[in-house]
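In the working numbering, the protein residues as written are 272 to 400.
Have a look at this one:
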């Protein structure tokens, strides 16, 4: 959407538009000057304010780096399994192996103690310990 607005306006001096997934409600615009940012922000719906300033390259890289789910969970956290044979079940994290990208879980909805090792990309964090 932002790309189509920028192309339709044919703004010169616009280098990049980033929508960081970690910070809801913010966009980062790399441009030649503030006048370019004001011109683009003017045509975006629901813009309530502008926080003008400059960011260092490291700060932008930190904003756009996508963390793997396995990096966010710790033993004791409650997760939901989002794919595989246990899809839709809630589980408690027993151990995390970041190197292998796997998580060992205790399935909470089973009638007996059931442990499963699943890929780290197949889980979603629900509740921290």
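Every residue gets a Cβ at the ideal spot worked out from N, C-alpha and C, and that includes glycine.
Predicted model only: the values in this text are computed from it and were never measured.
Give the secondary structure of residue 393 by DSSP, where H, G and I count as helix, E and B as strand, and everything else as coil.
Helix, per DSSP.
Quick check: what's the CA-CA separation for residue 371 versus residue 339?
12 Å
Tell me residue 285's beta-bridge partners as DSSP assigns them.
302
Is it buried or exposed, residue 451, if we count other Cβ atoms within 10 angstroms and call 16 or more buried?
Any question about residue 451 goes unanswered here, given that the chain covers just 272 to 400.
Which partner residues does residue 377 have in the DSSP bridge list?
In the DSSP output, where bridge partners are listed per residue, residue 377 has 363, 386.
Note down the Cα distance separating residue 355 from residue 392, rounded to an integer number of angstroms.
Cα to Cα, residue 355 sits roughly 11 Å from residue 392.
Please name the residue in 390, 296, 304, 364 whose C-alpha comes closest to that of residue 399.
364
Should residue 348 go down as buried or exposed, given a rule of 16 or more other Cβ atoms within 10 Å for buried?
With 16 or more other Cβ atoms from the protein chains shown falling within 10 Å of its own Cβ, residue 348 counts as buried.
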